[in-house]
Structure formats: C-alpha cells, structure tokens
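The block underneath contains the structure these notes are about, expressed in structure tokens.
In my numbering, the protein residues as written are 505 to 767.
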C-alpha cells in the first residue's frame, strides 16, 4: 500500500512539474513577444522596423508565418499564406517573420533591406524562385539555386545585380543590410520562433491558432479561414453573407498582382 501511494505521489509530482514547465515556457514566450512588439527595432535612419505584411489594412484574420529563405517548407507555407490573402483580400493579412540565421543570414539581411525600400515581396519571389503549381496546392515547390550561399562574394554580387535591376538606392540598401539593427532584429525574430516551440517552418498561425499546412489541403484550410472570418464578423456585429459567398467560391481563382510575383 505504501509503495502504491509513493508511486501515485511520484506521478502527481511529474504531472505538476510538467504543468509548471509549460506555464514557465508560455510566460517566457509571452514576455519576449510583447516586449518586441512594444520595443520594435529601428533602422539606421531611426525609422521603425517591423515584420513585413501583405493584405488587408484592417484584417479580420491575421496569418503569421515564421519562415526561412533557404527552406522548401517555408516556400510552400508562404505560398499558401499568400493564396489566402488573394482569396480573402478584404479580411486576411499575412505577417512574415524571418527566422534565418547563420548561413542564410545574408539573404535575410538583404530581404529586410529590400523591405526598407518597399520591395520585400519582390526580393522573396526572386530569392525563392517559385515554380507554378496551381493544379496541386500540396505540391512542394523547388528552390532554384539563384544565390550560392557557399560563396559570400558571389552571393553579394547577385544581390547587387538584383538591387540595380530593381532600381533601388544601392547605398541605402548596403547601409541597411549591414546595420547592427537589422542583424539584431533577425536574432530577435529567431528567438520568437524558438520560444513559440512550434517548429514554425511549415506551419501557420491563424489568429493565434496553429495550423500545419503539410497536413491540411488548401480547400480545407480556406474553409477554416472563412469560418474564422465569419466568427469574428459575428462577434463584431457584422453581416457575414459576403463571407459565406467567399467560402463557397472554388479555389480556382488564385491569380492576382501580389500572387503573380510568386508564380
């Protein structure tokens, strides 16, 4: 009897320790998230540096993506997120957090420097080199080796060529790219992804709810987003008839200006 009670108390202790660990992790993540939201990084010119966004100005649904410029899962996840923006232009906004570090830091720095001049999504399209695969939304996109990260000199040259081709301010681009602010911002973003504990690559946060796009077909994900839009609109006292109409729309209409950057 004593052994049974001891075993039972041991299990209770393990469960309590596990619960305490989860609470501590959530508190730490919440602290990091809210601190970085209230203390955003600034650029070399003192202007605020925030995560790139695309879509509705006042979204009903915000889709958060933690991504890497050298990861095929990130390429696919971002394409799905942008497809949601296209299908729900009045309601969905994508917020993209770069979680690149080490070898891919160079690309991430360049992406944020492009972001400073309003060309983040153009740079992403160029760096990823998406292939068209509208017939099969679950297909994995292949990354074209447009930039050889094994050769920093060659990589910088390719980036400089892109800057010139897109008529960006080269001096400003270089200054932003090498700024300690952008580098610290990227480390901050990597910490966010780590604290989320979600292995965020390949996943989306839809109004805070985790969705793994690898395990969900696009039409199912689209319906889930439509239901979330309807739920939020009802909560706000808005009529959801237009949302219902969009939910019934097929997934065939996937072309748009922003969308075409990637296909």
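Built from N, CA and C at the ideal position, the CB exists for glycine as well.
If you're wondering where the values come from, they're calculated on a predicted model, not measured in any experiment.
Legend entry - residue 612 to residue 587 span [Cα, whole Å]: 22 angstroms
Legend entry - Inter-stretch contact (C-beta, 8 angstroms, three-pair minimum) for the segment 561-568 and the segment 589-604: yes
Legend entry - residue 559 burial status per 10 Å Cβ neighbour count (16 or more: buried): buried
Inset, instruction - Within 10 angstroms of the Cβ of residue 673, are there 16 or more other Cβ atoms? Answer buried if so, exposed if not. - result: exposed
Legend entry - Beta-carbon proximity of residue 618 to residue 626, cut-off 8 angstroms: yes
Legend entry - residue 557 in three-state terms, based on DSSP: strand
Legend entry - Straight-line Cα distance separating residue 728 from residue 769: Look at the range of the chain in this structure, 505 to 767, and you will see that residue 769 is not part of it.
Inset, instruction - Just the C-alpha distance for residue 675 and residue 578, rounded to the nearest angstrom, thanks. - result: 30 angstroms
Inset, instruction - Give me the Cα-Cα distance between residue 571 and residue 689, rounded to the nearest whole angstrom. - result: 14 angstroms
Legend entry - Length of the line joining the Cα atoms of residue 713 and residue 732: 10 angstroms
Legend entry - Terminal residues of the alpha helix (DSSP H) in which residue 578 lies: 576-591
Inset, instruction - Give the DSSP-derived three-state secondary structure of residue 683 in the structure shown. - result: coil
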